[in-house]
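Data block below; observations after.
Number of protein chains: 6
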Amino acid sequence: MRIALINPNTTASMTDTAADAARRVAATGTVILPLTSKMGPVSIEGYYDEALAVPGLLMELAAAEKDGVDAAIIACFDDTGLDAARALAAIPVIGICEAAIATTSFIAQKFSIVTTMGRSRLPIEHLVHRYGASSRCKVRAADIPVLSLEDPSSNARERLRAEIAKALEQDDADAIILGCAGMADLTEQLCQEFQVPVIDGVACAVKQAEALVGLGVRTAKGNAYAAPVRKPYKGLLEGFAPEALC
Amino acid sequence: MRIALINPNTTASMTDTAADAARRVAATGTVILPLTSKMGPVSIEGYYDEALAVPGLLMELAAAEKDGVDAAIIACFDDTGLDAARALAAIPVIGICEAAIATTSFIAQKFSIVTTMGRSRLPIEHLVHRYGASSRCKVRAADIPVLSLEDPSSNARERLRAEIAKALEQDDADAIILGCAGMADLTEQLCQEFQVPVIDGVACAVKQAEALVGLGVRTAKGNAYAAPVRKPYKGLLEGFAPEALC
Amino acid sequence: MRIALINPNTTASMTDTAADAARRVAATGTVILPLTSKMGPVSIEGYYDEALAVPGLLMELAAAEKDGVDAAIIACFDDTGLDAARALAAIPVIGICEAAIATTSFIAQKFSIVTTMGRSRLPIEHLVHRYGASSRCKVRAADIPVLSLEDPSSNARERLRAEIAKALEQDDADAIILGCAGMADLTEQLCQEFQVPVIDGVACAVKQAEALVGLGVRTAKGNAYAAPVRKPYKGLLEGFAPEALC
Amino acid sequence: MRIALINPNTTASMTDTAADAARRVAATGTVILPLTSKMGPVSIEGYYDEALAVPGLLMELAAAEKDGVDAAIIACFDDTGLDAARALAAIPVIGICEAAIATTSFIAQKFSIVTTMGRSRLPIEHLVHRYGASSRCKVRAADIPVLSLEDPSSNARERLRAEIAKALEQDDADAIILGCAGMADLTEQLCQEFQVPVIDGVACAVKQAEALVGLGVRTAKGNAYAAPVRKPYKGLLEGFAPEALC
Amino acid sequence: MRIALINPNTTASMTDTAADAARRVAATGTVILPLTSKMGPVSIEGYYDEALAVPGLLMELAAAEKDGVDAAIIACFDDTGLDAARALAAIPVIGICEAAIATTSFIAQKFSIVTTMGRSRLPIEHLVHRYGASSRCKVRAADIPVLSLEDPSSNARERLRAEIAKALEQDDADAIILGCAGMADLTEQLCQEFQVPVIDGVACAVKQAEALVGLGVRTAKGNAYAAPVRKPYKGLLEGFAPEALC
Amino acid sequence: MRIALINPNTTASMTDTAADAARRVAATGTVILPLTSKMGPVSIEGYYDEALAVPGLLMELAAAEKDGVDAAIIACFDDTGLDAARALAAIPVIGICEAAIATTSFIAQKFSIVTTMGRSRLPIEHLVHRYGASSRCKVRAADIPVLSLEDPSSNARERLRAEIAKALEQDDADAIILGCAGMADLTEQLCQEFQVPVIDGVACAVKQAEALVGLGVRTAKGNAYAAPVRKPYKGLLEGFAPEALC
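Listed below in structure tokens is the structure:
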């Protein structure tokens, strides 16, 4: 089984981090194919970056499907371009926020997502609502820049810990989802420290992709996810015409 | 007052149709500036087309704002790229689906949207849910290709009428929203025929834009709509880096 | 275009304040006709006052419609008698709470209403729910008597400011709606001070009324807003029989 | 125990019908005091009639409370003026729609309300939503004038039966609430015929009033139901000033 | 009228406490028959105890119905086995949480449940949601062991009081429901102290049972509450085969 | 990895059918341990059977966990005793309805569950609501006895097909979940026939169990799923005292 792990931003080092997290949980026989978008923002912070990340993501997805991968993961916690990706591809496509929520719902009645930047909170809250988890999942932001997690001199990890503590105290949360692909390596340590399940979305998405491929199901194409209608695309994005891309 | 009317698909004739609808209701002193996206699909049918239409839309929006327009309208019923547009611009940005629902809510307790193609139904249903109108607004599709509305030999208008009749009978609807910019010229005739308010989104959006400009309010930039963070954009979309575009 | 601005309480000075707010934003050519109810409470604080304010409001509305106005605004933040008014009249009738929520939804994902007295909080919360905005709009009360806003020796404005500050900190609010017609003159100052959009319902209602009249739409009379059935009315309210009033 | 049964319309014969239904189920020792509003419409059909029925209802309620009754029932299925009545009185006030829904919820997972006129359907649907029963209770109208139920030559009863049959087939309903005080005498016969519980709101309200009085609880006055603030009332409604009425 | 009051745990002294509360409010002529489950846990704290308490509860219910009682109450605040009980019996079966919420909704717009142990909070929150009261009822736990309420040396009552005070301050609550059968004797005292209605579920359930019996309605058996299908039961629970039990 | 597949009814042949479905999709290295409850009903049809099936299910679960299995599946579509099972065990416990909904949500925006008997429809609808899928998942019953699926002379399969056809036409469904463990062998054939994904809950549960074990997560025990408090259990169910069972 081959699973494409598509980083929708254009920073290859972030792809590597996500690929590490993916490989740690992948089953024997599952091959993780990390792919980095070739066009768009170097990181995704808010709606504008997200919108501009979609074309590059779709291009990687189309190429990966042609290449015969069995499923694809979108490795950004805002589930960038998920609907468009499902319309484009026939293979299953998994968002990491969606996968984390679905997975955590099997082990906890209430849980909280702790993300990095404040401006990502509302978009993630919209996802939680869309996935039907509003009554069991709150969203918090630790207000830390993503990159600062790597920087030992910053107090980023302390702020993350403080926000997790608040979630456990104030939200009835029995489990924590880390709302950023870049936090995956902290999972085990935080789980030990707080003695509650601490969940990483990339890992969940790998297992959900394996599940769908194992079941032999693919995206239902009957309605909103029907394949794109063939038609001309113009200008800079000419190459995205469905007949060209698929 | 100058209002940019941005057609997010790349077909100029559709821009003209929307501009006609806009000018019919614009107040004295309101100038409608019709703009057609220069890149992306020639029409928007489903999530894939929608995603690829966003960059072209944002480019027109950035240029229009630099040029000093007071507000902008996104002239496609799926409210293409609305969140990204609001993050990018400081001027008010109005979606035509959103404007139609907000406006109709002042005159009817229940109403239905009748759109063209079946595959657009679920995305519009998601918009209705997001705008908080699920309990008062149903969405129907007449299953007609957009362009067939122009073709006198097709039975498109009969199917549209039949679907409106069903909405009035089965949905408790007291008013009808036409869920496609290309239907704007039918408004008056259908209103006469069915003796209920028949609403066009482009017209509503013009009046909502005039309202916001008249009130002197602009998009709240404190949180999810904060201006894009300056950062490099790569590859084909390099030109969309916030410092380049804005 | 002539818009009736009906104050449903019987205090003419409050009508004047609302009329000032209305005229500040009215378009050239829009005439604001301020009307004060001739029967009922001198101010509306809670459900009892509200119920007794409705007959006087309806009487002004009937007279204004006969007189040929194009639309009517109910100038009290509890949207007093809105359903009955829409059943009675064919012209559009706008509530100021409803107008403020619809308008603010175009520029902010989350916002809060700050009203004066605690006992008004729950009724407004019910309106927010009815208008489909529960997930994006919280309601707060500054616990100040309406009239104290005018009194320089009271600390009313400080309490209002304190409550706005809490809304911005605790509610994810990116914009503030002032939940009382008597606060309209504070809009600009508070907007400067807090650097977020601060919205007044009367102003929004004027623009929404202009929008509906400009579109040529009127209340849909097919169902719950059908014209009152002709029938005898008895006792003190005899004069309200539909054949007498309309 | 004395329970005021207030008919908010001004037709005494309807009060008699409701009083019969009430007495059939009243416990030994419960005295039903039927009261007919002295001002307003002769029947309540839609929002306009409802609004004009409230003052007369409140006047009867105030007099009954002064007179020492233990609880009051509002005998119209749109729960006319319920919030204002609860703010005015300290004794428990029960709406018959509210009572029917609360009572039926103890014996059926899903049920439907069958009312008379189409224009009453949406207002009742709003009540169902407010009482938290939207997911278990549908509302249907048999489209019959209230008075025709008394007329043996009309087909009103057949239409009522047909609508009940549809509710049982199409709504998953396991019980039926008759959505009009004037249908109370049909309960037993319809129950026999359809072999499901058929519920009358007046009867339910009597038992709920007995329950509240038996428990010794009264309306909570801390917030939205706080007693009306003393203040002048003007014009025709001068007599409704709280200090005059209470 | 005879009402079975079934304590689903196996501790007879708790049955006595509930029976006292029931008898305090029972109407003249209502006989309370207290019954204690003969199998299962000595107290119900969480989902596991609850599940194991159901068979014993059902056995008492079947015997009571054979014996001719008119209605039954399940005297535990998690409404233990309510659906199974309604499927088994034809007489009305009332849960005390359900009864408390239905009753309190007639006298307060918002209220809070204060229960004992933290682990009971989420199950009660699910009940509140199921009964349609989520928007008007919050659930709090005082984090006290049930039995400590009886112990004068513990600070249990102080913690209960503190939690009630928080509910009144932070939840908009105008009334309090005590979320544990063992608190019934505190009702009057707390009501005096906090000057708001303080409600006990057992008392409410008695009055609701009287109401249903007085109306002559029984559980609707058409669908989810249809009588159990006759079939073999095996092993330890052989005696629960419907033909054996009913 | 060893996964206990617990049939909560006492009919071993049904366990075999579920075990076949489970083994068809289990990964290499996953061992399925089929277990049949030793006490309770031979099949689960409605709330009464469900309640009596829980003790036997919990006994198998406790034994399996002691025996060292890694996860457990409850192989009945009403997710029998799921909350009690999660409180009892530390290993992940998966319901097949829950697993089917979570899995299908990754590949279809809307889908329908088609179950066998009408009386199971409402309980499944409650599960759908609890899992947050009400807006995307409808529940239908083909009104066929479970065992008739095995009988070639019955028209059970035709009725199942007819109900699936209705779901695709009337519910916007793009995928079908078969709402009964006994239908698992029909999946492939129906998928071919209707050309939409047809999903079996047992298969989904196996993959979700593998996912959770692969991730190393276990049930969060902090709150509603905390381990049962040690206490005496009496009578027939004495053996279920937590200290005896766990």
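Residue numbers (my numbering), protein chains in the order written: chain D, 595 to 840; chain F, 595 to 840; chain Y, 595 to 840; chain P, 595 to 840; chain W, 595 to 840; chain Z, 595 to 840.
Ideal placement from N, C-alpha and C gives every residue a C-beta, glycine not left out.
Just so we're clear, the structure is a prediction, and the values are computed from it rather than from any experiment.
Query raised in the report: At a Cβ threshold of 8 Å, is W/F834 touching chain Z?
Result: yes
Requested in this report: Kindly indicate the opening and closing residues of the alpha helix (DSSP H) around D/F788.
Outcome: 781-788
Query raised in the report: Does the beta-carbon of P/G623 have 16 or more other beta-carbons within 10 angstroms, so that it is buried, or is it exposed?
Result: exposed
Query raised in the report: With C-beta atoms as the reference, is F/A820 less than 8 Å away from F/D768?
Result: no
Query raised in the report: Do F/F705 and F/C670 come within 8 Å of each other at the CB atom, strictly closer than that value?
Result: no
Requested in this report: Return the residue from the list F/A818, F/F788, F/Y641, F/L809 that minimises the CA-CA distance to F/R715.
Outcome: F/Y641
Query - F/G662 to P/E692 span [Cα, whole Å] - result: 55 Å
Query raised in the report: Is the CB-CB distance between W/P739 and Z/K825 below 8 Å?
Result: no
Requested in this report: Mind listing the chain Z neighbours of F/L716? Cutoff is C-beta to C-beta under 8 Å, in chain order.
Outcome: Q703, K704, D766
Query - Nearest neighbour of W/M711, chosen from W/I688, W/A679, W/M777 [CA to CA] - result: W/M777
Requested in this report: Could you spell out the range, first to last residue, of the beta strand (DSSP E) harbouring F/T709?
Outcome: 705-709
Query raised in the report: What span of residues does the beta strand (DSSP E) with Z/I597 cover, start to end?
Result: 596-601
**Report entry** Distance, Z/D677 Cα to Z/G650 Cα
**Finding:** 15 Å
Requested in this report: Please look up how many angstroms separate the CB atoms of Y/A612 and Y/L629, rounded, as I've assumed it's under 8 Å.
Outcome: At roughly 10 Å, the Cβ-Cβ gap does not stay under 8 Å, so Y/A612 and Y/L629 are not in contact.
Query raised in the report: So, using beta-carbon positions, are Z/A645 and W/G810 closer together than 8 Å?
Result: no
Query raised in the report: What in chain Z is Cβ-close to W/R556, meaning under 8 Å?
Result: Outside the displayed span of chain W (595 to 840) sits residue 556 of chain W, for which this structure offers no information.
Query raised in the report: How big is the Cα-Cα spacing for Y/A805 and Y/V823?
Result: 30 Å
**Report entry** Residues of the region 663-680 of chain W whose Cβ lies closer than 7 Å to any Cβ of chain Z, in chain order
**Finding:** G675, D677, A678
Query - Straight-line Cα distance separating D/I638 from D/S742 - result: 15 Å
**Report entry** W/M817 to W/E782 span [Cα, whole Å]
**Finding:** The sequence shown places Asn at residue 817 of chain W, not Met. Their Cα atoms are separated by approximately 41 Å.
Requested in this report: Using a Cβ cut-off of 9 Å, pull out every chain P residue sitting near W/L806, in sequence order please.
Outcome: T697, F700, I701, K801
Requested in this report: Determine the chain Y residues that contact F/I597 at a beta-carbon separation under 9 Å, and present them in chain order.
Outcome: Those do not exist, as F/I597 stays about 13 Å from chain Y at its closest Cβ, beyond 9 Å.
Query raised in the report: With a cut-off of 8 Å, does the C-beta of Y/T710 fall near any C-beta of chain P?
Result: no
Query - Local Cβ density within 10 Å of F/Q764, reported as buried at 16 or more and exposed below that - result: exposed
Report task. Taking only the alpha-carbon atoms, compute the straight-line gap between P/T609 and P/P686 and give it to the nearest angstrom. Result -> 20 Å
Report task. Taking only beta-carbon positions, decide if D/E644 is within less than 8 Å of chain F. Result -> yes
Query raised in the report: Given D/V708, which residues of its chain have a CB within under 7 Å of its CB, disregarding the five upstream and five downstream residues?
Result: R734, A736, L754, E757, I758, A761, I770, L772, G773
Query raised in the report: Residues of chain Z with a CB under 9 Å from the CB of W/V636: which are they?
Result: K825, P826, Y827, K828
Report task. Give me the Cα-Cα distance between Y/Y827 and P/S631, rounded to the nearest whole angstrom. Result -> 11 Å
Query raised in the report: Can you list, in chain order, the stretches of the alpha helix (DSSP H) that have 4 or more residues and sit fully within the region 637-676 of chain P?
Result: 641-660
Query raised in the report: On the premise that Z/T697 lies in contact with Z/I626, defined as a C-beta separation below 8 Å, what is that separation, rounded to the nearest angstrom?
Result: 18 Å between Cβ atoms; not a contact.
Report task. Alpha carbon to alpha carbon, how far is W/A684 from P/K660? Give it in angstroms, no decimals. Result -> 43 Å
Query - Within 9 Å of chain P by C-beta, residues of the region 721-733 of chain W in sequence order - result: Y725, G726, A727, S728, S729, R730
**Report entry** Anticipated Cβ contact below 8 Å, F/A803 with F/I597, distance rounded
**Finding:** 5 Å
Query - beta strand (DSSP E) runs wholly inside the region 788-831 of chain W, at least 3 long, in chain order - result: 792-794
Query raised in the report: Ends of the beta strand (DSSP E) at Y/R734?
Result: 731-735
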